[in-house]
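Colleague: Numbered according to the working numbering, the sequence shown spans residues 4 to 138. Take this structure first; my questions come after.
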Amino acid sequence: APTSTAAGNGGGGDEHGPHTSGGGATDRGKAGPASGAQSLGGSKGTDSRKLFVGGLPQGTGEEQIRNVFAPYGTVEEVHLIKPNPSSESKRGCCFVTLATIAEAEAAIKACNGQVCESLSSTMPLLVRIADPPRT
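The following block contains the structure:
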């Protein structure tokens with residue numbers, strides 16, 4: 004689980020590079036998010052259960068991500084994005100979809116800006132509602 008830190012920057016992540024699938028089974032035909040108010044990221048077209056996680060250490064795997072977010076709810080999907088080898092930044096990022104909006108909000112509150120020792124990280128994670136897909 005993440006631990007508190009006094010670091011000043013928000014981590015960040017390189018959103019460019021080859022995309023690789025995390026391999027988790029997903030039913031994309033499901034209805035939208037669980038009922039309830041969308042207090043975070045409730046803009047049109049945004050799945051408020053889907054989080055962007057930046058600042059991951061190089062070599063972070065899907066199982067490690069699932070273990071970080073499991074205390075906050077059911078992790079439905081993890082999509083890892085590997086860092087671009089030619090980039091100066093060797094930090095990775097991923098998208099994590101939780102079962103409910105409340106679980107996603109709890110994960111943001113607990114993890115955003117925190118150093119995650121279970122990932123052997125020295126930089127704080129950036130955890131927020133994912134932007135809607137670009138068209």
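Glycine residues also receive a C-beta, built at the ideal position from the N, C-alpha and C atoms. Just so it is clear, the structure is predicted and the values come from calculations on it, not from any experiment.
Might you give, ordered along the chain, the residues of its own chain that have their beta carbon closer than 6 Å to the beta carbon of T100, omitting 5 neighbours on each side?
Modeller: For T100, where only same-chain residues beyond five positions count, the Cβ hits under 6 Å are R52, K53, E79 and E80.
Colleague: Starting from the Cα of I84, find the closest Cα among I111, N70 and F55 and give me that residue.
Modeller: Of the candidates I111, N70 and F55, the one whose C-alpha sits nearest the C-alpha of I84 is F55.
Colleague: My guess is that G58 and P127 are in contact by the Cβ rule of under 8 Å, so how many angstroms apart are they, rounded?
Modeller: Right, the Cβ-Cβ distance comes to about 6 Å (below 8 Å), so this counts as a contact.
Colleague: Out of T49, D50, Y75 and C97, point me to the one whose CA is closest to L129's CA.
Modeller: Ranking T49, D50, Y75 and C97 by Cα distance to L129 puts C97 first.
Colleague: Please list, in chain order, all residues of the same chain as E106 whose beta carbon is under 8 Å from its beta carbon, the five residues on each side excluded.
Modeller: Around E106: R52, Y75, G76 and T77.
Colleague: What does the alpha-carbon distance come out to for the pair E91 and V118?
Modeller: Their Cα atoms are separated by approximately 21 Å.
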